[in-house]
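Accompanying notes for the structure given below.
Protein chains in written order, with my numbering: chain A, 1 to 76; chain R, 1001 to 1522.
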């Protein structure tokens, strides 16, 4: 599995890295306005059948920390 | 379910795969077995078949990712010795090419001074070092089966023999995951690679019973109460079988699923249940359709179908007397009856269809280790401890029950004769199979070796004893049935068989499958 999650990331850094790595955001950085993060989180939550809150809640964070396949969820 | 954009699927059904390299963490036969079972999941619900090959022409190439290579090593599917997690240093003893070890060198505080003949590295304090201990293993005539930390102050643990911790423990170091409290002299802490035996007890399962910290214990199946205090189960481990089945789903054209219980859901989820969810089956059949129905089966016989177990071997040297996959079969057939004194006509099920009544003499249930047609005569080999009533009895004082062979000539039965008469010494406990060879020779197998048997003299050449893996690389060492069918050799272990094909005198495993599905077409 692609290693254990590096623990020194903040939740937001963890989320940005995860959303980029698995195809939910085109660029690595999300704009500061929070809208792009919200949209990307909604896409992730829908794809993984998680509660669609658009928030970086504990359910979503736990899912981001769970061991998973390295193949992206979106994109070619 | 989701498939990949575009028409990303195979347009032929006989898919081939190549295992390009292995991981340090698991024995090769465990890896081979996990991959064979992972492919079998998908072939069971589609028209796809999966054949293992050994080269780049394969459709699917499986490679264990490697990190931190030192030097310019090139992997040519040779084993590399690990010097600690994730960093490999190639040795020059026939393993990976590239930067050889320049002794002495120090790595992670250990100085290495030499290679041994089996590729292990020696540290300068005379202990072998390098690979984690995968139990059980034998080194320099000693069998190692557990780890211990006693006798050390630096926290490392040693692979130890069960016999004597004092002088034998200095060998390698153990893959410590979590140091468990050692109670009652048990070893502790390393992964349980099932099944294994320790201090005479067979360990084969994990349990969380009796623990409140959620850790699993390696336990014997017989008595969880007093035996479970041994080592740790791979509770943080991952099932290579499940991971491979998921990744093979991608290799067949499936993308991730949104159904949390599906195998193709992106997150890893351990399950003892059948891994394919309805969603996975709908996805793969959307790409390839369902598995074609087998030919209509003849009405099942009234007798209860014997449990599909590995049948005793039938090795046919002349024109095959029975072709299980041709013509209507009426279910399993026993060896040809040979009149009143002939071998039993029991079906080929190696296990009795009903457990024999303990009161009844179990000799009525005929269990043979191997049945081989040698020189147009069927040889029935039996190591068991009793002589079936249906076979000619002998003066028990002459030939103690066990290690016997009956020869059926079509009209009568000769025997039993002891294996010693064939030139097989007492070290040969049983014959597990036979492969015909040109020139009136037959290879007789027992455990991890085979002998060359001369049909004319009815004797083996005692000098011909050869390790199985020397001539048949890639088959498991502990096969219990070996036979030849349609010019290919089959090595059976549990539910699986390894098919060996010969190209220009070189034997290669070209298929691994299920005895029931792929061979007996059950």
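All C-beta atoms in this analysis are idealised placements derived from N, C-alpha and C, irrespective of residue type, glycine included.
Within-8 angstroms CB hit, residue 1266 (chain R) to chain A:
At a cut-off of 8 angstroms between beta carbons, residue 1266 (chain R) contacts chain A.
Does residue 1497 (chain R) pass the burial test, meaning 16 or more other C-beta atoms within 10 Å, or should it be called exposed?
Its Cβ being crowded by 16 or more others within 10 Å, residue 1497 (chain R) is buried.
Where the beta strand (DSSP E) containing residue 1463 (chain R) begins and where it ends:
For residue 1463 (chain R), the uninterrupted beta strand (DSSP E) run begins and ends at 1459-1467, by DSSP.
Looking at C-beta atoms only, is the number of pairs between the stretch 1033-1047 of chain R and the stretch 1247-1264 of chain R that lie closer than 8 angstroms three or more?
The stretch 1033-1047 of chain R makes contact with the stretch 1247-1264 of chain R; the number of CB pairs closer than 8 angstroms reaches 3 or more.
Boundaries of the alpha helix (DSSP H) in which residue 1010 (chain R) is found, first to last residue:
No alpha helix (DSSP H) contains residue 1010 (chain R), which DSSP labels as neither H nor E.
Through-space distance from residue 1518 (chain R) to residue 1452 (chain R), alpha-carbon basis
29 angstroms
Please return the same chain residues whose Cβ sits closer than 6 angstroms to the Cβ of residue 1059 (chain R), not counting the five positions on each side in sequence.
1015, 1016
Under the three-state reduction of DSSP, which class applies to residue 1470 (chain R): helix, strand or coil?
helix
Taking 7 angstroms as the limit between beta carbons, can you name the residues of its chain near residue 1428 (chain R), skipping five residues before and five after?
1419, 1446
Give a yes or no on whether the minimum CB-CB distance between residue 36 (chain A) and chain R is below 8 angstroms.
no
Can you tell me which of R:1031, R:1462, R:1022 puts its alpha carbon nearest to the alpha carbon of residue 1064 (chain R)?
R:1022
From what residue to what residue does the beta strand (DSSP E) around residue 1279 (chain R) run?
First-last for residue 1279 (chain R): 1278-1288, but that is the alpha helix (DSSP H), not the beta strand (DSSP E).
Same chain, Cβ closer than 6 angstroms to residue 1008 (chain R), five either side skipped, listed in chain order:
1253
Would you mind reading off the limits of the alpha helix (DSSP H) that contains residue 1029 (chain R)?
Per DSSP, residue 1029 (chain R) belongs to the alpha helix (DSSP H) from 1028-1043.
So, at 7 angstroms on beta carbons, what are the nonlocal neighbours of residue 52 (chain A) in its own chain, with the 5 sequence-adjacent residues on each side left out?
Around residue 52 (chain A): 42, 45, 46.
Which class does residue 1247 (chain R) belong to by DSSP, given the choice of helix, strand or coil?
helix
Check whether the Cβ of residue 73 (chain A) lies closer than 8 angstroms to any Cβ atom in chain R.
yes
Identify, in the order they occur along the chain, each residue of the same chain with its Cβ nearer than 7 angstroms to the Cβ of residue 1460 (chain R), setting aside the five sequence neighbours on each side.
1422, 1423, 1424, 1444, 1451, 1452, 1453
Under the three-state DSSP convention, the category residue 18 (chain A) falls into
helix
Residue 1257 (chain R): buried (16+ other C-beta within 10 angstroms of its C-beta) or exposed?
buried
Residue 1049 (chain R) and residue 1043 (chain R): beta carbons closer than 8 angstroms?
yes
If you follow the alpha helix (DSSP H) that residue 44 (chain A) is part of, which residue opens it and which one closes it?
Per DSSP, residue 44 (chain A) belongs to the alpha helix (DSSP H) from 35-47.
Could you please tell me which residues of the stretch 45-57 of chain A, in chain order, have their CB closer than 7 angstroms to any CB of chain R?
47, 48, 49
Beta-carbon spacing of residue 1045 (chain R), residue 1290 (chain R) below 8 angstroms
yes
Report the CB separation of residue 58 (chain A) from residue 1260 (chain R) in whole angstroms; it is logged as a contact under 8 angstroms.
Rounded, the Cβ-Cβ distance is 17 angstroms, inconsistent with contact.
Under three-state DSSP, which class holds residue 64 (chain A)?
helix
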